[in-house]
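A.B. asks:
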Amino acid sequence: MQLQTPEQDELRSTSRKVLLRNATSERIREVSSTAAGHDAEFWNQIAEMGWLALTVPEDNDGLGLGLPELAILGEEFGYSLQPSPFLAHSLVTWMIAQRGSENLQVRLVPSLAGGDAVASWALPQPGDAETLVLRDGRLNGTRRLVPYANCADHLLVEASADGQPLLVVVDVAAAGTALRVTDQHTIDLTRPYARVDFDAVPVEADAVISLTAAPSELWRAAVALQCAESVGVTRRLVQMTVSYVNTRHQFDRPIGSFQAIKHHIADMHIQLEGAAAATEESVWAIHRRRSDAAVAAHVAKSWTGRAASWVASEALQLHGGIGFTWEHDLHLYLRRAKVNELLLGAPAWHDERIFDTLVAGIA
Numbered sequence: 018m019q020l021q022t023p024e025q026d027e028l029r030s031t032s033r034k035v036l037l038r039n040a041t042s043e044r045i046r047e048v049s050s051t052a053a054g055h056d057a058e059f060w061n062q063i064a065e066m067g068w069l070a071l072t073v074p075e076d077n078d079g080l081g082l083g084l085p086e087l088a089i090l091g092e093e094f095g096y097s098l099q100p101s102p103f104l105a106h107s108l109v110t111w112m113i114a115q116r117g118s119e120n121l122q123v124r125l126v127p128s129l130a131g132g133d134a135v136a137s138w139a140l141p142q143p144g145d146a147e148t149l150v151l152r153d154g155r156l157n158g159t160r161r162l163v164p165y166a167n168c169a170d171h172l173l174v175e176a177s178a179d180g181q182p183l184l185v186v187v188d189v190a191a192a193g194t195a196l197r198v199t200d201q202h203t204i205d206l207t208r209p210y211a212r213v214d215f216d217a218v219p220v221e222a223d224a225v226i227s228l229t230a231a232p233s234e235l236w237r238a239a240v241a242l243q244c245a246e247s248v249g250v251t252r253r254l255v256q257m258t259v260s261y262v263n264t265r266h267q268f269d270r271p272i273g274s275f276q277a278i279k280h281h282i283a284d285m286h287i288q289l290e291g292a293a294a295a296t297e298e299s300v301w302a303i304h305r306r307r308s309d310a311a312v313a314a315h316v317a318k319s320w321t322g323r324a325a326s327w328v329a330s331e332a333l334q335l336h337g338g339i340g341f342t343w344e345h346d347l348h349l350y351l352r353r354a355k356v357n358e359l360l361l362g363a364p365a366w367h368d369e370r371i372f373d374t375l376v377a378g379i380a
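For what it's worth, our numbering labels the leading residue of the sequence shown as 18, then goes sequentially.
1) Less than 6 Å between C-beta atoms, sequence neighbours within five positions excluded: which residues of the same chain meet that for ARG155?
2) Is it buried or exposed for TRP301, if we count other Cβ within 10 angstroms and need 16 for buried?
3) DSSP on ASP76, reduced to helix/strand/coil?
4) Considering only the alpha carbon of each residue, which of VAL186, ARG237 and PHE94 lies closest to ASN39?
5) Check whether the Cβ atoms of VAL255 and LEU289 lie closer than 8 Å to each other.
6) Would you call SER97 buried or exposed, if buried means 16 or more other Cβ atoms sit within 10 Å of its Cβ?
7) Taking all protein chains shown into account, decide if GLY79 is buried (16 or more other Cβ within 10 angstroms of its Cβ) or exposed.
8) Considering only residues of the same chain and omitting the five flanking positions on each side of ASP212, which have a CB-CB separation below 6 Å?
9) May I have the straight-line CA-CA distance separating ALA380 from ILE371, to the nearest angstrom?
10) Please state the DSSP three-state secondary structure of PHE215.
11) Tell me the DSSP secondary structure of GLY249 in three-state form.
12) When the Cα atoms are used, what is the spatial distance from ALA64 to HIS106?
13) Identify every residue that forms a DSSP beta bridge with ILE226.
14) Are the beta-carbon atoms of ALA136 and ASP170 separated by less than 8 Å?
15) Among THR342, HIS336 and THR31, which has the Cα closest to the Cα of TYR261?
16) CA-CA distance, ALA195 and VAL220?
17) If you run the structure through DSSP and keep just helix, strand and coil, what is HIS171?
18) Take the Cβ of ALA114 as the centre, count every other Cβ of all protein chains shown within 10 Å, and call the residue buried at 16 or more, exposed below.
19) Sort LEU228, PRO364, CYS168 and ALA176 by Cα distance to GLY158 and report the nearest one.
20) Looking at the structure shown, is THR31 part of a helix, part of a strand, or coil, going by DSSP?
21) Would you decide whether HIS266 is buried or exposed? Buried here means 16 or more other CB atoms lie within 10 Å of its CB.
22) Can the beta-carbon of PRO100 be found closer than 8 Å to that of VAL48?
23) Nearest CA to the CA of PRO85: which residue from VAL126, GLY54 and GLU24?
24) Are there 16 or more other CB atoms within 10 angstroms of the CB of GLN243, so buried, or fewer, so exposed?
25) Which runs of the alpha helix (DSSP H) at least 4 residues long sit entirely within the region 32–106? Give them in chain order.
26) Are the region 278–294 and the region 340–357 in contact at 8 Å, needing three or more beta carbon pairs?
27) If I'm right that HIS367 touches HIS315 with Cβ under 8 Å, what's the distance once you round it to whole angstroms?
28) Quick one: Cα of ALA245 to Cα of ASP269, how far?
29) By how many angstroms is the C-alpha of LEU333 removed from the C-alpha of TRP327?
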């Protein structure tokens, strides 16, 4: 386990206060119902606070921090359920700042770090049959379940050229009608997703990140950050439930005083702490580019995907009838937990990858 620095503790404390102040129940629902699916005013606010430049090197006017700090913010965004493209955008900024060409960094990093442009990723989902292909400077193929594609100015896309994996940064405006975005509806009401079709989309030569390790590194980081967000969702659900069972009275006493309820709460805490530990391990493994980074990401998603979904179901049962109402926020967190469980691979798929790695190691 990696102990947090005082600076990381301060980042967590400050970000939680900022996010909870903005992400009220009413505001979450209001923003989620807009076409963009996020709050432009809040976006400008976090840009001014430097959050969008978190992983940009200091010599490029960034904060010079890394994936661990980004994961802290990811957890707090999950805890507050603030509708925002922050995580996807920051992951793209992180990859370009780490692996992009000098020309690409000069061209895009200032606008991404300043919040003048919005970016998202378009990564393959396990089971996708189609591979995006880059040939003669044109990108063809389809990606589904792309977060905030409806408002993105740039998309970081995993593709292949001559059979080799690579990453491509697509300028949405320059693509014109060659790029089509079609809304995809999930049960998550607080985050928009879309199918994106690339039909001979032009790609600049300096917008290609051809380093062989980059696609897998991006995918693992996306999984780790999704897990961090799910840990935040899980933590909020546990706290929400503890508060409820301590205030809901039956038989002249709080229902939380009954042993059976205590056992449920204890099990929820166990799932939460396991998810937090596995996620933290994966974040640091990727940050340090350890040889076991892939396994760490699979373990994190296997545990966290199940934990968040199970805790959400337990929270719903322990809240009783009030938990099933539209007005209560519990269902919003449950929806995010359920979608995150399946996005970027269901836990069972990650279990299979862990098994494959173990078998290969034994062989």
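Built from N, CA and C at the ideal position, the CB exists for glycine as well.
C.D. replies: The structure says:
1) Within the sequence shown, residue 155 is the residue found at index 138, counting from 1. Around ARG155: ALA217.
2) In the sequence shown, the residue the question calls residue 301 occupies position 284. Result: buried.
3) To locate residue 76, count along the sequence shown from 1; it is residue 59. In the structure shown, ASP76 sits in a helix (DSSP, three-state: H, G or I).
4) For this step, residue 39 is matched to residue 22 along the sequence shown. Nearest of VAL186, ARG237 and PHE94 to ASN39, Cα basis: PHE94.
5) Taking the sequence shown and counting its residues from 1, one reaches residue 255 at position 238. Taking the sequence shown and counting its residues from 1, one reaches residue 289 at position 272. A contact, by the Cβ cut-off of 8 Å.
6) Locating residue 97 in the sequence shown gives position 80, counting from the first residue. Result: buried.
7) Taking the first residue of the sequence shown as position 1, residue 79 is located at position 62. Buried, since its Cβ has 16 or more Cβ neighbours within 10 Å.
8) Taking the sequence shown and counting its residues from 1, the one referred to as residue 212 is at position 195. The sequence shown places Arg at residue 212, rather than the Asp named in the question. Contacts found: ARG161, THR199 and GLN201.
9) Along the sequence shown, one-based indexing puts residue 380 at 363. Along the sequence shown, one-based indexing puts residue 371 at 354. Low local confidence applies: a pLDDT of 41 at ALA380 is under 50, so the model's placement there is unreliable, with the coordinate-based value given in what follows. About 14 Å.
10) Stepping through the sequence shown from its first residue, residue 215 is reached at position 198. Residue state, collapsed to three classes: strand.
11) The residue labelled residue 249 in the question sits at position 232 within the sequence shown. GLY249 falls in the helix class under three-state DSSP.
12) For the purposes of this step, residue 64 is identified with residue 47 of the sequence shown, where counting begins at 1. For the purposes of this step, residue 106 is identified with residue 89 of the sequence shown, where counting begins at 1. Between ALA64 and HIS106, the C-alpha separation is close to 12 Å.
13) By one-based count along the sequence shown, residue 226 stands at place 209. Beta-bridge pairing links ILE226 to LEU184.
14) As a position in the sequence shown, residue 136 is number 119, starting the count at 1. As a position in the sequence shown, residue 170 is number 153, starting the count at 1. Yes, Cβ-Cβ distance for ALA136 and ASP170 is below 8 Å.
15) Within the sequence shown, residue 261 is the residue found at index 244, counting from 1. Selected option, being the one with the closest Cα: HIS336.
16) Here residue 195 is taken as the residue at index 178 of the sequence shown, counted from 1. Here residue 220 is taken as the residue at index 203 of the sequence shown, counted from 1. Distance between the alpha carbons of ALA195 and VAL220 is about 11 Å.
17) Mapped onto the sequence shown, residue 171 falls at position 154. Here HIS171 sits in strand by DSSP.
18) For the purposes of this step, residue 114 is taken as residue 97 along the sequence shown, with counting starting at 1. Buried, by the Cβ-count rule.
19) Start at 1 with the first residue of the sequence shown, and residue 158 comes out as number 141. Closest by alpha carbon: ALA176.
20) In the sequence shown, the residue the question calls residue 31 occupies position 14. THR31 falls in the helix class under three-state DSSP.
21) To locate residue 266, count along the sequence shown from 1; it is residue 249. Exposed.
22) To locate residue 100, count along the sequence shown from 1; it is residue 83. To locate residue 48, count along the sequence shown from 1; it is residue 31. Against a cut-off of 8 Å, the Cβ pair of VAL48 and PRO100 comes out as a contact.
23) The count along the sequence shown starts at 1 and reaches residue 85 at position 68. The residue with the shortest Cα to Cα distance from PRO85 is GLU24.
24) In the sequence shown, counting from the first residue as 1, residue 243 sits at position 226. It is buried - the Cβ of GLN243 has at least 16 other Cβ atoms within 10 Å.
25) 42–49, 57–65 and 84–97
26) no
27) Counted from its first residue, the sequence shown places residue 367 at position 350. Counted from its first residue, the sequence shown places residue 315 at position 298. Yes, they are in contact, since the Cβ atoms of HIS367 and HIS315 sit about 4 Å apart, within 8 Å.
28) In the sequence shown, residue 245 corresponds to position 228, counting from 1. In the sequence shown, residue 269 corresponds to position 252, counting from 1. Computed Cα separation, rounded: 39 Å.
29) Working through the sequence shown from its first residue, we reach residue 327 at position 310. Working through the sequence shown from its first residue, we reach residue 333 at position 316. So the alpha carbons of these two residues sit roughly 10 Å apart.
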